[in-house]
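**Q** There's a structure below that I have some questions on.
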Amino acid sequence: MVDWPPAFEPLIRERSRLLSADSPLEPDQSLTELGVDSLEVVELIVNLETEFDIEIPPELLQPEVFATPGTIWNAVRSLM
1 MVDWPPAFEP LIRERSRLLS ADSPLEPDQS LTELGVDSLE VVELIVNLET
51 EFDIEIPPEL LQPEVFATPG TIWNAVRSLM
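Residue 1 is where the sequence shown starts when you use full-length UniProt numbering, and the numbers rise one by one after that.
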């Protein structure tokens with residue numbers, strides 16, 4: 001079961017060019033498989049910081065942290 005709040009999923013979906021509207025967003029899908037490029041990851045970071053009133057520190061700006069929706073949510077949750 002995915003435990004992220006409703007506000008999280010649209011932030012990922014907005015950048016997922018390869019995920020259809022009726023397909024579920026799985027926590028272990030890679031952002032690459034979803035069609036998210038590096039510029040969109042930067043936009044996602046800004047939107048996550050705004051939406052969840054957090055600041056993502058430089059040490060979390062690692063490819064493995066932004067690999068999947070699940071790893072991203074774990075990082076966001078740890079900062080709340």
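Beta carbons: idealized from backbone N, C-alpha and C, even for Gly.
Let's test the definition: count the other Cβ atoms within 10 Å of the Cβ of residue 69 and tell me whether it reaches 16, buried, or not, exposed.
**A** Under a 10 Å Cβ-count criterion, residue 69 is classified as buried, with 16 or more other Cβ atoms of the shown protein chains found around its own Cβ.
**Q** Could you spell out where the alpha helix (DSSP H) holding residue 13 opens and where it closes?
**A** 8-13
**Q** Can you give me the C-alpha to C-alpha distance between residue 50 and residue 30, rounded to a whole angstrom?
**A** Looking at the two C-alpha atoms, the distance is approximately 23 Å.
**Q** Quick check: the Cα distance between residue 71 and residue 65, rounded to an integer number of angstroms?
**A** 5 Å
**Q** Along the chain, which unbroken stretches of the alpha helix (DSSP H) at least 4 residues long are found entirely within the UniProt domain "Carrier" (2-80)?
**A** 8-13, 38-52 and 69-79
**Q** Tell me which same chain residues have a C-beta within less than 7 Å of the C-beta of residue 52, skipping the five on either side of it?
**A** 76 and 80
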